[in-house]
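Visitor: Here you go, one structure.
Number of protein chains: 2
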Amino acid sequence: MILIFLFMVSSCDTAKDKPEGESPRTVTLNAEYYNVAFLIMDGVYNTELTAPFDIFHHTRFRDNIRAMNVFTVAKTSKPVTTFEGIRLIPDLSYLEDTLPRIDILVVPSAEHHLNSDLEDRQMLNFVRQISTSAEFIISHCDGAFVLAEAGVLEGKESTTFPADIELYKKRYPDLIVHDSVLFVHDGRFITSAGGAKSFEASLYLVEHLYGKKVADEIAEGMVINWDLQEISYVRVDQKQERN
Amino acid sequence: MILIFLFMVSSCDTAKDKPEGESPRTVTLNAEYYNVAFLIMDGVYNTELTAPFDIFHHTRFRDNIRAMNVFTVAKTSKPVTTFEGIRLIPDLSYLEDTLPRIDILVVPSAEHHLNSDLEDRQMLNFVRQISTSAEFIISHCDGAFVLAEAGVLEGKESTTFPADIELYKKRYPDLIVHDSVLFVHDGRFITSAGGAKSFEASLYLVEHLYGKKVADEIAEGMVINWDLQEISYVRVDQKQERN
């Protein structure tokens with residue numbers, strides 16, 4: 001309990017650190033920030049959108065780092081309805097708007113990532129296009145199917161939602177797939193098992209980019225007892241596997 | 244790890260259980276459901292809205308229970324921007340719409356719950372009005388300040404965000420306030436410490452209404468290792484304190 005309450009104090013502090021007048025909606029080309037685009041569509045899961053969104057947004061309240069500017073991108077500017085039924089207004093449309101530089105692309109899982117979404121050529125083209133230049137491309141849960149279908153995981157090692165691993169292997173037989181890990185980091189790609197554990201893959205990238213102190217502070221702000229050493233993941237470029 | 248992955252499988256199953264064509268947006272007067280209104284306003288925190296929203300929404304995928312119909316209510320029909328910057332379209336406006344029967348009212352914390360929101364007479368009147376008839380009134384984090392300011396916690400025991408407990412006691416000296424617990428259940432009121440632990444107060448109500456099996460299934464679907472016996476909370480009507 002003690003830990004939990006220390007975390008919550010940090011959470012409150014985090015909120016109150018918000019710079020006056022700052023609008024998290026600013027989609028900036030300013031190199032001061034990493035521009036982080038969350039690809040949303042009808043059926044996106046609340047927690048797999050908000051968990052990484054919150055972790056990355058809270059980098060704004062840490063000093064002396066290149067923080068993250070988080071925003072949503074959808075096919076059109078029309079509202080998107082999450083799986084649980086919350087209606088969101090996309091910040092940008094990849095068909096209608098001139099997009100800023102996207103440094104990090106996040107693909108949260110959505111209800112139809114195993115079927116109709118994989119036939120959406122315009123969405124897959126957007127993912128393919130951004131993946132050529134983004135510094136990191138991250139999927140949660142079945143979002144890996146979108147990356148695989150777009151062809152951007154060729155030659156990469158990855159993972160997806162545990163219950164869908166066999167379907168993933170069968171549909172994409174040339175991929176190197178890891179099971180029973182929370183996430184796989186292979187070069188510019190991080191694929192996460194997803195669920196409420198989507199926080200972990202996001203905190204991993206925060207620790208990778210900013211160091212353990214910043215990751216610890218943000219984890220505490222989100223009431224998460226974070227210790228990378230306790231997590232099962234694969235980091236391919238270091239040929240490191242933790243199970 | 245094994246537990247985590249069992250949980251995730253449940254999560255995936257939960258999603259795939261979604262009845263074809265069902266719209267979670269239906270704001271129904273059908274007694275088949277508990278109508279659960281989430282009071283949102285600018286600055287509402289993503290996780291404190293989506294954590295209880297997801298837990299309650301997932302009751303739809305459990306058999307033979309009076310499930311929950313979750314929806315958002317704001318002052319007007321205009322979009323609301325969360326603290327982290329996601330723009331939401333409220334389902335209903337308490338000033339503009341004829342509201343359905345509200346069985347459960349949830350007040351997630353928002354950025355200005357310690358200052359300007361406490362001067363919003365229309366919002367406080369809405370909370371006061373719904374609290375006269377709702378079966379349960381739930382706050383997370385600083386949402387307790389809204390309930391206290393509305394005067395509905397008179398004679399009730401409650402808690403709030405740990406870092407704000409002293410301020411809460413000072414502003415509302417007549418209230419019986421508990422510290423160092425995740426939540427307090429006093430009759431129709433559940434006040435939660437909030438943060439990412441907002442899941443726990445929500446799961447507590449699910450277990451209270453539907454029993455341990457349903458709470459366990461929903462917790463697993465959200466990748467939470469749920470055991471009420473391990474949680475620090477106060478249930479006043481049973482004079483029960485667990486620390």
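Which chain is which? The protein sequence lines are A and B, in order. Residues 1 to 243 (this note's numbering) make up the first sequence, in order. Residues 244 to 486 (this note's numbering) make up the second sequence, in order. The beta-carbon is built from N, C-alpha and C at its ideal position, and this holds for glycine as well. Source: prediction; values computed, not measured.
State yes or no: is the C-beta of residue 163 of chain A nearer than 7 Å to some heavy atom of the ligand MN?
Guide: This structure lacks the ligand MN, and indeed carries no ligand of any kind.
Visitor: Kindly say whether residue 25 of chain A, judged by its beta-carbon, lies nearer than 8 Å to any beta-carbon of chain B.
Guide: Translated into the one-based positions of the first sequence, residue 25 of chain A becomes position 25. Reliability of the predicted coordinates at residue 25 of chain A is poor, the pLDDT of 47 falling under 50, and the value obtained from them is presented with this limitation in mind. Interface residue, yes.
Visitor: Measuring CB to CB, does residue 136 of chain A end up less than 8 Å from residue 104 of chain A?
Guide: Counted from its first residue, the first sequence places residue 136 of chain A at position 136. Counted from its first residue, the first sequence places residue 104 of chain A at position 104. Taking 8 Å as the Cβ cut-off, residue 136 of chain A and residue 104 of chain A qualify as a contacting pair.
Visitor: Does any residue of chain A have a CB that is nearer than 8 Å to the CB of residue 321 of chain B?
Guide: Sequence index remark: in the second sequence, residue 321 of chain B carries index 78 (1-based). Not closer than 8 Å to any Cβ of chain A, the Cβ of residue 321 of chain B fails to qualify, so no.
Visitor: Buried or exposed: where does residue 46 of chain A fall if 16 or more other Cβ atoms within 10 Å of its Cβ makes it buried?
Guide: Position 46 of the first sequence, counted from the first residue, corresponds to residue 46 of chain A. Counting Cβ neighbours within 10 Å, residue 46 of chain A comes out buried, since at least 16 surround it.
Visitor: Mapping DSSP to helix, strand and coil, what is residue 224 of chain A?
Guide: Along the first sequence, one-based indexing puts residue 224 of chain A at 224. Residue state, collapsed to three classes: coil.
Visitor: Assuming residue 476 of chain B is part of the alpha helix (DSSP H), what are its boundary residues?
Guide: Residue numbering aside, residue 476 of chain B sits at position 233 when the second sequence is read from its first letter. Counting along the chain, residue 476 of chain B falls outside any alpha helix (DSSP H), though it belongs to the beta strand (DSSP E) covering 476-478.
Visitor: Going by DSSP in three states, residue 58 of chain A sits in which element: helix, strand or coil?
Guide: If you number the first sequence from 1, residue 58 of chain A lands on position 58. Helix, per DSSP.
Visitor: Within 10 Å of its beta-carbon, does residue 400 of chain B have 16 or more other beta-carbons around it, so buried, or fewer, so exposed?
Guide: For the purposes of this step, residue 400 of chain B is taken as the residue at position 157 of the second sequence. Counting of Cβ neighbours within 10 angstroms places residue 400 of chain B among the buried residues, the total reaching 16 or more.
Visitor: Could you pull out every unbroken beta strand (DSSP E) segment of at least 3 residues lying fully inside the stretch 57-126 of chain A, listed in chain order?
Guide: 68-74, 87-89, 104-107
Visitor: Can you tell me where the beta strand (DSSP E) holding residue 39 of chain A begins and where it ends?
Guide: Counting from one through the first sequence, the residue named residue 39 of chain A turns up at place 39. 34-39 is the span of the beta strand (DSSP E), which, as asked, contains residue 39 of chain A.
Visitor: Do residue 389 of chain B and residue 374 of chain B count as a contact pair if the criterion is CB distance below 8 Å?
Guide: Numbered from 1 along the second sequence, position 131 holds the residue referred to as residue 374 of chain B. Numbered from 1 along the second sequence, position 146 holds the residue referred to as residue 389 of chain B. Result no, Cβ atoms of residue 374 of chain B and residue 389 of chain B do not sit closer than 8 Å.
Visitor: Using the beta-carbon of each residue, which ones in chain B are nearer than 8 Å to residue 57 of chain A?
Guide: Working through the first sequence from its first residue, we reach residue 57 of chain A at position 57. Under the 8 Å cutoff, chain B gives 327, 328.
Visitor: Taking Cβ to Cβ, would you say residue 150 of chain A is nearer than 8 Å to residue 128 of chain A?
Guide: Your numbering for residue 150 of chain A matches position 150 in the first sequence. Your numbering for residue 128 of chain A matches position 128 in the first sequence. Cβ atoms of residue 150 of chain A and residue 128 of chain A: closer than 8 Å.
Visitor: Near residue 338 of chain B, what residues of its chain come up, given a Cβ to Cβ distance below 7 Å and the 5 sequence neighbours on each side ignored?
Guide: Looking up residue 338 of chain B in the second sequence gives position 95. The answer, listed in chain order, is 318, 319, 365.
Visitor: So, helix, strand or coil for residue 392 of chain B, using DSSP?
Guide: Position 149 of the second sequence holds residue 392 of chain B. Helix, per DSSP.
Visitor: Using a Cβ cut-off of 8 Å (strictly closer), state whether residue 290 of chain B contacts chain A.
Guide: As a working mapping, residue 290 of chain B is identified with position 47 in the second sequence. Nearest CB-CB separation between residue 290 of chain B and chain A: below the 8 Å threshold.
Visitor: Using a beta-carbon distance below 8 Å, is residue 480 of chain B in contact with chain A?
Guide: Residue mapping note: residue 480 of chain B aligns to position 237 of the second sequence, counting from 1. For residue 480 of chain B, the answer is no, since every Cβ of chain A falls outside 8 Å of its Cβ.
Visitor: With DSSP collapsed to three states, give me the class of residue 181 of chain A.
Guide: Stepping through the first sequence from its first residue, residue 181 of chain A is reached at position 181. Reduced to three states, the DSSP call for residue 181 of chain A is coil.
Visitor: When you compare the CB of residue 188 of chain B with every CB in chain A, is at least one pair closer than 8 Å?
Guide: Nothing can be reported for residue 188 of chain B: it is not among the residues displayed for chain B, which extend from 244 to 486.
Visitor: Would DSSP call residue 402 of chain B helix, strand or coil?
Guide: For this step, residue 402 of chain B is matched to residue 159 along the second sequence. Looking at residue 402 of chain B - three-state DSSP - the assignment turns out to be coil, as it is neither helix nor strand.
Visitor: Under a CB-based cut-off of 8 Å, is residue 313 of chain B close to chain A?
Guide: Position 70 of the second sequence, counted from the first residue, corresponds to residue 313 of chain B. So yes, residue 313 of chain B belongs to the interface.
Visitor: Give me the Cα-Cα distance between residue 22 of chain A and residue 101 of chain A, rounded to the nearest whole angstrom.
Guide: Along the first sequence, read from residue 1 onward, the residue named residue 22 of chain A stands at position 22. Along the first sequence, read from residue 1 onward, the residue named residue 101 of chain A stands at position 101. Low confidence applies here, because residue 22 of chain A scores a pLDDT of 36, under 50, leaving its location unreliable; read the following figure in that light. Distance between the alpha carbons of residue 22 of chain A and residue 101 of chain A is about 20 Å.
Visitor: At least one CB of chain B closer than 8 Å to the CB of residue 97 of chain A: is that the case?
Guide: Residue numbering aside, residue 97 of chain A sits at position 97 when the first sequence is read from its first letter. It does not; no Cβ of chain B falls within 8 Å.
Visitor: Should residue 461 of chain B be flagged as near chain A, meaning a C-beta pair shorter than 8 Å?
Guide: To locate residue 461 of chain B, count along the second sequence from 1; it is residue 218. No, residue 461 of chain B does not count as interfacial toward chain A.
Visitor: Is residue 296 of chain B close to chain A? Criterion is C-beta to C-beta, closer than 8 Å.
Guide: For the purposes of this step, residue 296 of chain B is identified with residue 53 of the second sequence, where counting begins at 1. Chain A contact via Cβ: present.
Visitor: Taking the alpha helix (DSSP H) that residue 445 of chain B falls in, what are its first and last residues?
Guide: The residue labelled residue 445 of chain B in the question sits at position 202 within the second sequence. Here the alpha helix (DSSP H) through residue 445 of chain B covers 441-453.
Visitor: Give the range of the beta strand (DSSP E) segment to which residue 191 of chain A is assigned.
Guide: Here residue 191 of chain A is taken as the residue at index 191 of the first sequence, counted from 1. Note, residue 191 of chain A: beta strand (DSSP E), 189-192.
Visitor: So if DSSP puts residue 44 of chain A in a beta bridge, which residue, or which two residues, is it bridged to?
Guide: As a first step, residue 44 of chain A must be located in the first sequence, where it is residue number 44. Paired residues: A:110.
Visitor: Indicate whether residue 422 of chain B and residue 480 of chain B have their beta-carbon atoms separated by less than 8 Å.
Guide: Stepping through the second sequence from its first residue, residue 422 of chain B is reached at position 179. Stepping through the second sequence from its first residue, residue 480 of chain B is reached at position 237. Result no, Cβ atoms of residue 422 of chain B and residue 480 of chain B do not sit closer than 8 Å.
Visitor: Who are the neighbours of residue 331 of chain B on chain A, taking C-beta pairs under 7 Å?
Guide: To locate residue 331 of chain B, count along the second sequence from 1; it is residue 88. Ordered by position in chain A, the residues that pass the 7 Å Cβ test against residue 331 of chain B are 86, 87, 88.
Visitor: Tell me where the alpha helix (DSSP H) around residue 410 of chain B begins and ends.
Guide: The sequence position of residue 410 of chain B within the second sequence is 167, counting from 1. Segment 408-414, the alpha helix (DSSP H) holding residue 410 of chain B.
Visitor: Counting only Cβ pairs nearer than 7 Å, list the residues of chain B close to residue 50 of chain A.
Guide: Residue mapping note: residue 50 of chain A aligns to position 50 of the first sequence, counting from 1. Those are 289, 290, 293, listed as they occur along chain B.
Visitor: Hey, would you say residue 437 of chain B sits closer than 8 Å to residue 359 of chain B, going by beta carbons?
Guide: Residue 437 of chain B sits at position 194 when you count from the first residue of the second sequence. Residue 359 of chain B sits at position 116 when you count from the first residue of the second sequence. If you check the CB distance, residue 437 of chain B and residue 359 of chain B do not come in under 8 Å.
Visitor: What three-state label does DSSP hand residue 459 of chain B in the structure shown?
Guide: Working through the second sequence from its first residue, we reach residue 459 of chain B at position 216. Correct three-state label for residue 459 of chain B: helix.
Visitor: Under the rule that 16 or more other beta-carbon atoms within 10 Å means buried, what is residue 469 of chain B, buried or exposed?
Guide: Taking the first residue of the second sequence as 1, we reach residue 469 of chain B at position 226. The residue in question, residue 469 of chain B, is buried, as its Cβ has 16 or more Cβ neighbours within 10 Å.
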